[in-house]
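Sequential numbering of the sequence shown, starting at 52, is according to our numbering.
Note that CB positions come from ideal geometry on N, CA and C, so glycine has one too.
This report refers to the structure that appears directly beneath it.
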Amino acid sequence: MQSEINKTVKNYKQELKIKHPELSDYKIKKLIKDKKICLEQEIKEYLELFYELFNQQTFKKAIRYIDLLKNELKGFPKLLSEYLNKNFFPEYRKFLKFLKNPFKEKLERTNNKLENYLGNTLDKHTKRIYRTPEGMFAYIMSRKNGWIENRNQDLTN
52 MQSEINKTVK NYKQELKIKH PELSDYKIKK LIKDKKICLE QEIKEYLELF
102 YELFNQQTFK KAIRYIDLLK NELKGFPKLL SEYLNKNFFP EYRKFLKFLK
152 NPFKEKLERT NNKLENYLGN TLDKHTKRIY RTPEGMFAYI MSRKNGWIEN
202 RNQDLTN
């Protein structure tokens, strides 16, 4: 997201130099800094609306809130709307999986947060690969074979 903001600011700088060649470098830097702060503030305001999604109580309410966000996306800043359309909306269900299967006042099966995250977000096929010794062995061997082939290509070139 920050790289997109920087690209926008860079384009704005080029536009300023073309439209107003009489401006000094100091004045241009000041205008660019103001533009960047303004963009970041606007995105932060809309992100607060977006983060409200994770405060929903049920999965159905969260889905309704996503539909509302999709309808209101036209009013969001261009950078944020493009980012959400490209990265979030295609995969939003896995981020809300914790609402679908609510916490039942039991301890987590593991205290390893990364393992718990992967267990909740990966699809069943991927989880089954690691579940059995044969699956783990097949995964390691396929990785090793790919590494050996790449290594042989590096040595022959």
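If you ignore the 5 residues before and after L82, its C-beta comes within less than 7 Å of the C-beta of L67, all in its own chain and listed in chain order. Nearest Cα to Y116 within the set L131, L147, E91: L147.
In the structure shown, the three-state DSSP call for P72 is coil. Take Y63, set aside five residues on each side of it, and the residues of its chain with a beta-carbon closer than 7 Å to its own are I83, K86, in chain order.
In terms of Cβ geometry, Y97 and F127 form a close pair [threshold 8 Å].
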